[in-house]
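Novice: Just passing along the structure, written as structure tokens.
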Amino acid sequence: MTDRAGDQGAANLIHRFRTGYMVAGSILIAGGLLAILFPYFGTLATTIFVGWVLILSGAVEILHALSVRGAPAIVLNMLAGLLSLGVGTLILNDPMSGVFSLTLFLGGFLAADGVIRILSATQMAGVPGQGWVIMNGVSSLALAGALLWFLPTASLYALGILLGIDLIVAGSTLFFLGRVAKVFEDLVSGKE
């Protein structure tokens with residue numbers, strides 16, 4: 011009787027995660043499709059987002075430096091915060107001027123993301139869905155290669171298109187992991 015209650019608890023837990031995976035995956039897929047359909051806007055949105063992140067992180071670093079007076083390297087922390095704040099402001103003043111640099115950074119991100127996902131998959135030996143995680147990593151590496159190959163001419167649209175493709179692959183990965191969890195849930199609950 012205890013085993014059946016434990017199985018039902020596991021099934022409930024799997025159901026909760028399954029739904030979350032599938033909803034998150036669907037949202038990422040939809041965002042990816044929008045980024046591909048409107049690549050210029052995807053590129054522009056990415057650039058503006060990075061500008062705001064730099065401004066906010068710079069402000070936090072400056073406030074932190076001011077709050078720890080007398081700490082070692084306070085001047086360097088203040089300079090780093092001012093640099094982030096300044097670069098973020100420049101990007102927001104003219105988002106398209108930073109597109110080429112951000113395209114290079116995206117290429118680096120996708121390469122690192124691909125390696126991390128593949129390494130993550132090696133930790134999933136025997137776990138259903140491992141192949142999807144490997145495929146996600148390989149596709150991120152391929153996107154990084156394509157991005158760097160077509161620079162500089164494609165930088166106006168590349169961020170939006172590649173971001174869209176990566177979101178679709180990541181969303182598909184989450185969605186299909188949720189589907190695999192459904193099969194496991196059916197096995198635990200005794201459904202065929």
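Position 1 (the sequence shown) corresponds to 11 in my numbering; numbering is contiguous.
Every residue, glycine too, gets a C-beta built ideally from N, C-alpha and C.
#1: With a cut-off of 8 Å on the beta carbons, I'd call L177 and G35 a contact; round off their distance for me.
#2: So the candidates are Y31, R26, F27; which of them puts its Cα closest to the Cα of S182?
#3: Whose C-alpha, out of R189, L187, A180, is nearest the C-alpha of L38?
#4: Once you ignore the five residues that flank K192 on each side, which residues in its own chain have a CB closer than 7 Å to its CB?
#5: Do L112 and L169 have their C-beta atoms closer together than 8 Å?
#6: Using a Cβ-Cβ cut-off of 6 Å (strictly less than) and excluding sequence neighbours within five positions of L158, which residues of its own chain qualify?
#7: In chain order, which alpha helix (DSSP H) runs of at least 4 residues are fully inside the segment 99 to 179?
#8: Do the segment 49 to 56 and the segment 69 to 85 meet, that is, are 3 or more Cβ pairs less than 8 Å apart?
#9: So what does DSSP say about A81, is it helix, strand or coil?
#10: Just how far apart, CA to CA, sit L161 and L173?
#11: So the candidates are L92, L166, F59, T57; which of them puts its Cα closest to the Cα of V70?
#12: Considering only the beta carbon of each residue, do I58 and L102 sit closer than 8 Å?
#13: Using CA coordinates, which residue listed in A164, A135, S130 is at the minimum distance from V148?
Specialist: In terms of the structure at hand:
#1: If you number the sequence shown from 1, residue 177 lands on position 167. If you number the sequence shown from 1, residue 35 lands on position 25. About 10 Å separates the two Cβ atoms, so there is no contact after all.
#2: In the sequence shown, residue 182 corresponds to position 172, counting from 1. Taking only the C-alpha atoms, the option nearest S182 is Y31.
#3: Here the question's residue 38 lines up with position 28 in the sequence shown. Here the closest residue by C-alpha is A180.
#4: To locate residue 192, count along the sequence shown from 1; it is residue 182. Hits under 7 Å: R28.
#5: As a first step, residue 112 must be located in the sequence shown, where it is residue number 102. As a first step, residue 169 must be located in the sequence shown, where it is residue number 159. Yes, these two residues count as a Cβ contact at 8 Å.
#6: On the sequence shown, residue 158 is found 148 positions in, with the first residue counted as 1. Contacts found: G117.
#7: 109 to 132, 140 to 159
#8: no
#9: Here residue 81 corresponds to residue number 71 of the sequence shown, with the count starting at 1. Coil at A81, not helix or strand.
#10: Within the sequence shown, the letter at position 151 stands for residue 161. Within the sequence shown, the letter at position 163 stands for residue 173. Straight across, the Cα-Cα distance linking L161 with L173 is about 15 Å.
#11: For this step, residue 70 is matched to residue 60 along the sequence shown. It is L92.
#12: Translated into positions along the sequence shown, residue 58 becomes position 48. Translated into positions along the sequence shown, residue 102 becomes position 92. Against a cut-off of 8 Å, the Cβ pair of L102 and I58 comes out as a contact.
#13: Working through the sequence shown from its first residue, we reach residue 148 at position 138. Answer by Cα proximity: S130.
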